[in-house]
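Student:
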Amino acid sequence: MTHRHEQPAQAVLPRPAQAIRECFAQGYRAADLRSDLLAGLVVGVVALPLSMALAIASGVPPQHGLYTAIVAGGIIALLGGSRVQVSGPTAAFVVILAPISNRFGVGGLMLATLMAGLLLAAMGLARMGRLIEFVPHPVTTGFTSGIAVVIGTLQIKDLLGLTVPEMPEHFTDKVLALARALPTAQLADLLIGLLTLTVLFVWRKVTQKVPAALAALLLAGAAAALMTRFIPGFEVATIGSRFHYVIDGVTRQGIPQVPPLPVLPWRMPGPDGQPLELSLGLIRSLAPSAFAIAMLGAIESLLSAVVADGMSGHKHDPDAELLAQGTGNVIVPFFGGIAATGAIARTATNIRSGARSPLAAVFHSLVVLLAVLLLAPLLGYLPMASLAALLLLVAWNMSEREHFAHVLRVAPRPDVLVLLTCFGLTVLFDMVVSVSVGVVLASLLFLREMSEVSGVRLVDEHPFGLDRPLPAGVLMYEVAGPLFFGAARQAMAALARTNQGVRVVVLDLRAVPAMDVTGLVALESAIERLNHAQVFVVLAGVQPQPLRVMARAGWKGRHGKLAIYQSFERSLEEVRKAFE
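Take any residue in the sequence shown, count from 1 to its spot, add 109: that is its number in my numbering.
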């Protein structure tokens, strides 16, 4: 008697905090804690300037990026499915978040983040983590390289100190606006930006003990302060000169020296500086943007987790990670943060620094929090050109230029077409259009290739592998490849006509691994034509998935002038018996 075993609850829903549970279950020692503390310190130092730069690039004041690293970074680490992943604001989000903040203000961006978090959490609960594996590689490479081009282009403004009254929405218009603003370039900003880039490239060859970003910003900030003091007319735009905040009715420059405090996202400023009015219309307007954030957040976080698995030797739980990403993005807007996802570069730094558990990412969030509480006044002196140079390097690193060129050289033409399409659409339109069109295009090209593989051919009189020929009046056709909507009708066309005197047609289905309803209908039509010509049909060697499709359609064993066999050899035995 066969007993049906019920699945435990944790097999149905992903377990929160899966990674940290495993770490403590396997034993967490004092040495692990020391390693996590050191890794958290290093990653926190790296995340500090990046979080500010990415917030600015997304169109919001820098403190919102810091709050994201503090709140979302800690929550996602504690609840996630990856041991060593670090989450926070990322460069990939810039191309999505900047248009949202430009149109809806910081309040609209936070509300869109909240909505995206709900979508991500739902994806995790629905166990959709594995679906990310179905996004084709040329799609991810194309939109990642496209994002890098957009981010790099957007940094030209601050790197050169250009005066652009209003940045247009579309990429081509942005390029034209930057070109028209070139006469307003400031030599001081350019010099500081070039100094920052030089240090970023050279420092790694000098030492790996101090992060290059920290060294570059410290040296460039000190140089800017000294030259501003001693060289007449030398002025550089800084965080303090560009951004301000209001506390107790007093306006101050730079970054507030306060921790993330509870706020209502819909009460934050809209595009006109006034609080948003929460309405169904606003939610409808933000829905496409929220979907874009959720889609990119899922892709980036799971790609980062896969990279982390390869570097650390551990395996992440994709569903638990999606649930954690969703939870973090739901909570972070209520503390002034914006969209967060897994950050590949910070995750790699975390692993190289010796991280042993999710606590390393939690410590990184605490380091950023301490920097806000203790160093906020000093952060206001960081030059905008230096932050632009930092993001320019980030864009250069994420462009995957060598891999992009390699795919162009060696990939089949359909993959090259998908790659270039996704790249162009990301640059000219946005990531959602790019990924949507890319996945559809890749699917259509795949279907075309599979339709060329699938087919039906008449087997010779002495089929290979048979000990004796088939009886007179029996024909065998070999069906190869999946029978699905892209190939079924064309494959079955070979059965449209049969010779006179044929009494039985055997369809060898051993090479048909899968069949959809279109394949079933095409096969049924071919069988009906043969039956109408008084030909009995035998389906031989039917595989499990096609057999289940046939069973749901009511085809079982012998069905009129049709016989179905899972065993190829048995089907031939039955045919021979019928002719003896």
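Backbone N, C-alpha and C define an ideal beta-carbon position, used for all residues, glycine too.
Exposed or buried, which one is GLN643 when buried takes at least 16 other CB atoms within 10 Å?
Tutor: Start at 1 with the first residue of the sequence shown, and residue 643 comes out as number 534. Exposed, by the Cβ-count rule.
Student: Would you check if the segment 125 to 132 and the segment 169 to 179 touch, i.e. whether three or more CB-CB distances between them fall below 8 Å?
Tutor: Output reads no: the segment 125 to 132 does not touch the segment 169 to 179.
Student: Can you say whether GLN757 is buried or exposed, counting buried as having 16 or more other CB atoms within 10 angstroms of its CB?
Tutor: The requested residue 757 is not part of the displayed model; the chain covers only 110 to 689.
Student: Should the segment 236 to 255 be called in touch with the segment 480 to 495, which here means at least 3 C-beta pairs below 8 Å?
Tutor: Verdict: no, contact absent.
Student: Roughly how many angstroms lie between the CA atoms of PHE573 and LEU579, to the nearest whole one?
Tutor: Stepping through the sequence shown from its first residue, residue 573 is reached at position 464. Stepping through the sequence shown from its first residue, residue 579 is reached at position 470. Because PHE573 carries a pLDDT of 46, less than 50, the predicted location of this residue cannot be relied on, and no value is offered for it.
Student: Give the DSSP-derived three-state secondary structure of ALA469 in the structure shown.
Tutor: Within the sequence shown, numbered from 1, the residue matching residue 469 stands at position 360. In the structure shown, ALA469 sits in a helix (DSSP, three-state: H, G or I).
Student: Hey, how far is the Cα of ALA457 from the Cα of ALA660?
Tutor: If you number the sequence shown from 1, residue 457 lands on position 348. If you number the sequence shown from 1, residue 660 lands on position 551. Going by the C-alpha atoms only, they are around 50 Å apart.
Student: With a floor of 3 residues, list each beta strand (DSSP E) that falls wholly inside the segment 160 to 208, ordered by position along the chain.
Tutor: Taking only runs of at least 3 residues, no beta strand (DSSP E) segment lies wholly in the segment 160 to 208.
Student: What is the rounded straight-line gap between the Cα of VAL308 and the Cα of ALA504?
Tutor: Residue mapping note: residue 308 aligns to position 199 of the sequence shown, counting from 1. Residue mapping note: residue 504 aligns to position 395 of the sequence shown, counting from 1. Roughly 17 Å separates the two Cα atoms.
Student: By a C-beta neighbour count over all protein chains shown, 10 Å radius and 16 as the cutoff for buried, is MET224 buried or exposed?
Tutor: As a working mapping, residue 224 is identified with position 115 in the sequence shown. Its Cβ being crowded by 16 or more others within 10 Å, MET224 is buried.
Student: Report, in whole angstroms, the separation of the C-beta atoms of ALA162 and LEU496, which I expect to be a contact under 8 Å.
Tutor: In the sequence shown, the residue the question calls residue 162 occupies position 53. In the sequence shown, the residue the question calls residue 496 occupies position 387. Correct: roughly 4 Å between the Cβ atoms.
Student: How would you call GLY610, buried or exposed, if buried means at least 16 neighbouring beta carbons within 10 angstroms?
Tutor: In the sequence shown, counting from the first residue as 1, residue 610 sits at position 501. GLY610 should be labelled exposed.
Student: With distances taken Cα to Cα, identify the nearest neighbour of LEU291 among LEU303, VAL481, VAL273.
Tutor: Taking the first residue of the sequence shown as position 1, residue 291 is located at position 182. The shortest Cα separation from LEU291 among LEU303, VAL481, VAL273 belongs to VAL273.
Student: Leaving out five residues on either side along the sequence, give the residues of the same chain with a beta carbon under 6 Å from the beta carbon of ALA333.
Tutor: By one-based count along the sequence shown, residue 333 stands at place 224. Taken in chain order, the residues that qualify are ILE301, VAL345, PRO492.
Student: Going by CA-CA distance only, name the one from VAL583, LEU227, ASN211, HIS641 that's closest to GLY379.
Tutor: Here the question's residue 379 lines up with position 270 in the sequence shown. GLY379 has its Cα closest to that of ASN211, out of VAL583, LEU227, ASN211, HIS641.
Student: Identify, in the order they occur along the chain, each residue of the same chain with its Cβ nearer than 8 Å to the Cβ of LEU188, setting aside the five sequence neighbours on each side.
Tutor: Mapped onto the sequence shown, residue 188 falls at position 79. The residues are PRO125, ALA126, ALA429, LEU432, ALA433, THR436, GLY437.
Student: Looking at C-alpha atoms only, which residue of ARG619, THR627, LEU632, VAL658 is the closest neighbour of GLU678?
Tutor: For this step, residue 678 is matched to residue 569 along the sequence shown. Closest option to GLU678, Cα to Cα, is ARG619.
Student: Tell me, to the nearest whole angstrom, how far the beta carbon of LEU142 is from that of VAL476; I am working on the premise that it is less than 8 Å.
Tutor: Start at 1 with the first residue of the sequence shown, and residue 142 comes out as number 33. Start at 1 with the first residue of the sequence shown, and residue 476 comes out as number 367. Wrong, their Cβ atoms sit about 15 Å apart, outside the cutoff.
Student: Rounding to the nearest angstrom, what Cα-Cα distance links ALA156 and ARG361 in this structure?
Tutor: Within the sequence shown, the letter at position 47 stands for residue 156. Within the sequence shown, the letter at position 252 stands for residue 361. Distance between the alpha carbons of ALA156 and ARG361: 24 Å.
Student: Alpha carbon to alpha carbon, how far is PHE444 from TYR176?
Tutor: For this step, residue 444 is matched to residue 335 along the sequence shown. For this step, residue 176 is matched to residue 67 along the sequence shown. C-alpha separation (whole angstroms): 7 Å.
Student: How many Å lie between GLN652 and VAL614 at the Cα?
Tutor: Reading the sequence shown from its first residue, position 543 is the one you call residue 652. Reading the sequence shown from its first residue, position 505 is the one you call residue 614. Roughly 18 Å separates the two Cα atoms.
Student: If you compare alpha carbons, which of ALA635, THR281, HIS246, GLY214 is closest to THR262?
Tutor: Taking the first residue of the sequence shown as position 1, residue 262 is located at position 153. Nearest C-alpha to THR262: THR281.
Student: Indicate, with yes or no, if the ligand SAH has a heavy atom lying under 7 Å from the CB of LEU370.
Tutor: With respect to the ligand SAH, the structure shown offers nothing to examine, as it has no ligands at all.
Student: When the Cα atoms are used, what is the spatial distance from VAL626 to GLU587?
Tutor: For the purposes of this step, residue 626 is taken as the residue at position 517 of the sequence shown. For the purposes of this step, residue 587 is taken as the residue at position 478 of the sequence shown. Rounded to whole angstroms, VAL626 to GLU587 spans 20 Å at the Cα level.
Student: ALA294 and LEU271: beta carbons closer than 8 Å?
Tutor: Looking up residue 294 in the sequence shown gives position 185. Looking up residue 271 in the sequence shown gives position 162. It is a contact, given that the beta carbons lie within the stated cut-off.
Student: What is the residue span of the beta strand (DSSP E) that GLN362 lies within?
Tutor: Position 253 of the sequence shown, counted from the first residue, corresponds to residue 362. Segment 359 to 362, the beta strand (DSSP E) holding GLN362.
Student: How long is the line joining the alpha carbons of ALA469 and PRO591, rounded to whole angstroms?
Tutor: As a first step, residue 469 must be located in the sequence shown, where it is residue number 360. As a first step, residue 591 must be located in the sequence shown, where it is residue number 482. About 47 Å.
Student: Mind checking which residues open and close the alpha helix (DSSP H) that includes LEU285?
Tutor: If you number the sequence shown from 1, residue 285 lands on position 176. Its alpha helix (DSSP H) spans residues 280 to 289.
Student: Who are the near neighbours of VAL203 in its chain, counting only those whose CB is closer than 6 Å to its CB and skipping five residues on each side?
Tutor: Here residue 203 refers to the residue found at position 94 when the sequence shown is read from its first residue. Closer than 6 Å at Cβ, skipping near neighbours: ALA166, SER167, ILE260.
Student: Looking at PRO467 and ALA134, is the spacing between their C-beta atoms short of 8 Å?
Tutor: Sequence index remark: in the sequence shown, residue 134 carries index 25 (1-based). Sequence index remark: in the sequence shown, residue 467 carries index 358 (1-based). No, Cβ-Cβ distance for ALA134 and PRO467 is not below 8 Å.
Student: Check for me: the beta strand (DSSP E) holding ARG619 runs from which residue to which?
Tutor: For the purposes of this step, residue 619 is taken as residue 510 along the sequence shown, with counting starting at 1. Unbroken beta strand (DSSP E) run through ARG619: 613 to 620.
Student: Counting along the chain, where does the alpha helix (DSSP H) carrying LEU529 start and finish?
Tutor: The count along the sequence shown starts at 1 and reaches residue 529 at position 420. Per DSSP, LEU529 belongs to the alpha helix (DSSP H) from 522 to 537.
Student: Ordered along the chain, which non-local residues of its own chain (more than five positions away) have a Cβ less than 6 Å from that of LEU323?
Tutor: On the sequence shown, position 214 is the one that residue 323 refers to. For LEU323, where only same-chain residues beyond five positions count, the Cβ hits under 6 Å are VAL154.
Student: Hey, out of ARG638, GLN675, GLU637, whose CA is closest to GLN654's CA?
Tutor: As a position in the sequence shown, residue 654 is number 545, starting the count at 1. Nearest C-alpha to GLN654: GLN675.
Student: In angstroms, rounded to a whole number, what distance separates the CA positions of GLU409 and THR253?
Tutor: One-based indexing of the sequence shown puts residue 409 at position 300. One-based indexing of the sequence shown puts residue 253 at position 144. Spanning the two alpha carbons is a distance of roughly 10 Å.
Student: Label THR249 either buried or exposed according to how many other C-beta atoms from any shown protein chain fall within 10 Å of its C-beta, with 16 as the threshold for buried.
Tutor: Position 140 of the sequence shown, counted from the start, is the residue given in the question as residue 249. It counts as buried.
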